[in-house]
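For the sequence shown, the working numbering puts the final residue at 615, and the numbers step up evenly by one. The C-beta atom is built at its ideal place from N, Cα and C for all residues, glycine as well. These numbers were taken from a predicted model, which means no experiment stands behind them. Scroll down for the structure; my scribbles are underneath it.
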Amino acid sequence: MRLNKHIISLQPSATLEINEKVKALRKQGEQITHFGFGQSPFPIFSSITKALIEHAGNNHYLPVNGLESLREEIANFLKKHQMVLVDKNSIFIGPGSKELLYQSILIFEGHFLIPKGSWVSYVPQIKSKGGTYSVLETDISNNFKLTATALEEFLLKSKQSEHILILNSPNNPTGAVYTDLEYQRLAAVCRKYNVVVFSDEIYSQINFTEGQSVSISNYYPEKTIVFGGLSKVFSAGGYRLGFMALPNELSELSNAYKSLFSETFSCVSSPIQMAAIAAYTYPPDLIKYVGDSSSILKGVSQYIFENLTKNNISCTNPQGAFYMMVGFDQFREKINLLGIETSQQLALYLLEKYHVALLPGSDFGFQKNELFFRLAFVDFDGKDVMEAYLKKVNIDEAFIKQHCPRVFSGVQKLIEFAKEG
Ligand code: PLP
């Protein structure tokens, strides 16, 4: 039997092992704080579910690039709420941004550049087609954001003729958000070296200080493809709808995308596309709902950040999304005495001994022996927390203790671990 060696050689991620272990421990009745799971905790806004129900009878195949009225709505949304200018005909709808990123990775033949501290799926997607990539160095001092200097240093030495940079802001796993200036500088380097950018903006409106996040396409429109979708901002991961916006300069790729879509998924489910129209019209009550969700996430993340840093645990300071990176390198000596060398080993130890699940940084571009972990701060009941937040706006320790008890105990356990020995 001959099989595709690129796919057969993909390893199950360390994340998978942690998730399986959490399931097994919970089945045994153990109380676990699952800081590993990155799904929006909030219910889907009612106008979106209502539209889905209304269109449940719609059984038609739709155009491969998506319903025209939805593409139009997304183009308006991008202009108004993300400052991204694209024509509705440059927008493509797919079953999740993950699939659209994957199809884009299949279409582009260059060398991929992934900043250290990037989403878990980019590298396996590149590997699965036998593509090449480099992880670019980043540092906790600026929340593991890629700097223009680090990018240029790499490109100056690179022997590859074409590069595709995958950027993600607000970021999974760090919670970092790129500023205008950082993007202007990165854009200048990308332009100089003719780099194509995949800008993964799936968390764009989950921004802790603004209602939206800046896009690098403002400064580098000609070679940036913007990705987004329903999963995070609209808490509808299971709906499986994402979009991508192709710049005019790359419009010759439209036919390649349409052909690949039509030979693979055909189109996204029709009722889901109708529900997505309700999301992307983005009326004031929905804007407020997303804003309240972001304020809650900000409050929870600030509580965790303050308590962990006070106890000498390193943390990125999240500005958006659901995540932060936490680090235990400063405890390396005592950790090594436990016979633990890698982040994967320490993640298993923390889960078994302290009942806290964190994901090892090695799945996010960190070296195996760097003791960094992704902490997702969404292990709470979003409906209950939203109701409580609307009554009492201050998210303090008493609020966390009452409404996010697993987050509270997880933080206590991590502090206990840091103080141990
Ligand atoms: N990009 C990032 C950074 C993500 O965190 C995720 C989901 O976890 C995705 C893309 C995929 O999202 P979708 O549900 O649209 O496929």
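Could you check whether the Cβ of residue i sits closer than 6 Å to any heavy atom belonging to the ligand PLP?
i    : result
N362 : yes
How long is the line joining the alpha carbons of residue i and residue j, rounded to whole angstroms?
i    : j    : result
I308 : K585 : 42 Å
E527 : D557 : 23 Å
F231 : D573 : 8 Å
S233 : N365 : Per the sequence shown, the amino acid found at residue 233 is Gln instead of Ser. Spanning the two alpha carbons is a distance of roughly 14 Å.
N505 : Q496 : 14 Å
N213 : L569 : 13 Å
N530 : P318 : 29 Å
Q222 : Q539 : 22 Å
E564 : E331 : 13 Å
P206 : I334 : 27 Å
R327 : F306 : A small correction: the amino acid at residue 327 is Tyr; Arg does not occupy that position in the sequence shown. When rounded, the distance between both Cα atoms is 4 Å.
L246 : K547 : 44 Å
S487 : F236 : 7 Å
H200 : I589 : 47 Å
S603 : E224 : 13 Å
A635 : Q606 : Here the chain covers residues 195 to 615 and nothing more, so residue 635 does not appear.
G324 : S312 : 19 Å
V494 : I594 : 7 Å
G304 : E347 : 18 Å
S203 : E404 : 42 Å
M277 : A269 : 10 Å
G555 : F522 : 11 Å
S322 : V587 : 46 Å
T535 : D281 : Note on identity: in this sequence residue 535 is Glu, with Thr being the wrong assignment. Each residue's alpha carbon lies about 51 Å from the other.
E211 : A218 : 11 Å
K244 : G260 : 20 Å
S241 : Q561 : 44 Å
S284 : E446 : 11 Å
T227 : F402 : 24 Å
N252 : V329 : 44 Å
E416 : I299 : 18 Å
S315 : L361 : 13 Å
L621 : Y372 : Residue 621 lies beyond the residue range present for the chain, which begins at 195 and ends at 615; the question has no answer from this structure.
G456 : M519 : Note on residue identity: the sequence assigns Ser, not Gly, to residue 456. In a straight line, the C-alpha of S456 is about 39 Å away from that of M519.
Y413 : Y377 : 7 Å
R220 : H597 : 20 Å
I320 : F499 : 33 Å
Any idea if residue i is buried or exposed, counting beta-carbon neighbours within 10 angstroms, 16 or more meaning buried?
i    : result
Y642 : With the chain covering 195 to 615 only, the question about residue 642 has no answer from this structure.
M195 : exposed
L375 : exposed
S291 : buried
Q406 : buried
L532 : exposed
T368 : buried
A450 : exposed
Q399 : buried
T503 : exposed
Q297 : buried
S537 : buried
I301 : exposed
P441 : buried
S363 : buried
A470 : buried
L197 : exposed
With C-beta atoms as the reference, is residue i less than 7 Å away from residue j?
i    : j    : result
A551 : I238 : no
F567 : M438 : no
I396 : L435 : no
A342 : V408 : no
K426 : V258 : no
P289 : V462 : yes
A381 : I419 : no
F421 : L294 : yes
K310 : G485 : no
I481 : V579 : no
M468 : H275 : no
T209 : L542 : no
L545 : K215 : yes
L444 : Y387 : no
Does the beta carbon of residue i sit closer than 7 Å to a beta carbon anywhere in chain C?
i    : result
Y583 : Among the protein chains of the structure shown there is no chain C, as only one such chain exists.
For the segment 253–271 against the segment 462–476, are there 3 or more C-beta pairs whose distance is under 8 Å? With the rule of 3 Cβ pairs closer than 8 Å, the segment 253–271 counts as touching the segment 462–476.
Under a criterion of Cβ closer than 6 Å to any non-hydrogen atom of the ligand SAH, which residues qualify, in chain order? No copy of the ligand SAH occurs in the structure displayed; its ligands are the ligand PLP alone.
If we count Cβ pairs, one from each stretch, closer than 8 Å, do we get three or more for the segment 390–401 versus the segment 327–346? No contact exists between the segment 390–401 and the segment 327–346.
Does the segment 343–357 come into contact with the segment 506–518, if we say contact requires no fewer than three beta-carbon pairs (one atom in each stretch) closer than 8 Å? Taking 8 Å as the limit for Cβ pairs, the verdict is that the segment 506–518 does not touch the segment 343–357.
Evaluate the contact criterion for the segment 574–581 versus the segment 513–520: three or more CB pairs, one atom per stretch, below 8 Å. Touching, no, given that fewer than three Cβ pairs across the two stretches are closer than 8 Å.
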